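Worksheet for the structure shown next.
Residue numbers (my numbering): 23 to 128.
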């Protein structure tokens, strides 16, 4: 669906998107790298399991939540790519570690 025009002067970094190694421009975000990898849905909804993909690309809709470098529920549209980054689909809601500081107020 999306095809970037080649820019030989643009610096790139190596990232892995759902196991697919690729090089992307340093100005890209994790969400745009996922779109460039043509992975389709980047997560499934925790409510009904429906596939979702980046939509607003500015941090408002939360449809771009992905696992980035092992950390779930990251807003991929707000995370700039870096060399060696691992970007993966997220299935449903992230797992909560009960008894940890993360869930102390729950």
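From the three backbone atoms N, C-alpha and C, an ideal C-beta is built for every residue, glycine too. Owing to the predicted nature of the structure, the values given are computational and were not obtained by experimental measurement.
Could you check if residue i is buried or exposed, using at least 16 other CB atoms within 10 Å of its CB as the buried criterion?
i           : result
residue 29  : exposed
residue 48  : exposed
residue 88  : buried
residue 72  : exposed
residue 101 : buried
residue 96  : buried
residue 25  : exposed
Grab me the residues of residue i's own chain with a C-beta within less than 6 Å of its C-beta, minus the 5 sequence neighbours each way, in chain order.
i           : result
residue 110 : 40, 89
residue 108 : 38, 91
residue 120 : none
Identify, in the order they occur along the chain, each residue of the same chain with its Cβ nearer than 7 Å to the Cβ of residue i, setting aside the five sequence neighbours on each side.
i           : result
residue 115 : 68
residue 82  : none
residue 42  : 59
residue 106 : 36
To the nearest whole angstrom, what separates the beta carbons of residue i and residue j, a pair I think is in contact under 8 Å?
i          : j          : result
residue 74 : residue 85 : 5 Å
residue 52 : residue 98 : 4 Å
residue 64 : residue 76 : 6 Å
What does a CB cutoff of less than 8 Å around residue i pick up in its chain, not counting 5 residues either side in sequence?
i          : result
residue 44 : 36, 37, 38, 55, 58, 59
residue 46 : 34, 35, 37, 54, 55, 58, 103
Under 8 Å, Cβ to Cβ, is there at least one residue of chain B near residue i?
i          : result
residue 74 : Judged by its chain identifiers, the structure shown contains no chain B, having just a single protein chain.
Enumerated in chain order, which unbroken segments of the beta strand (DSSP E) with a length of 3 residues or greater are wholly contained in the segment 46-124? Runs of the beta strand (DSSP E) lying entirely within the segment 46-124, each at least 3 residues long, are 87-90, 93-97, 107-110 in chain order.
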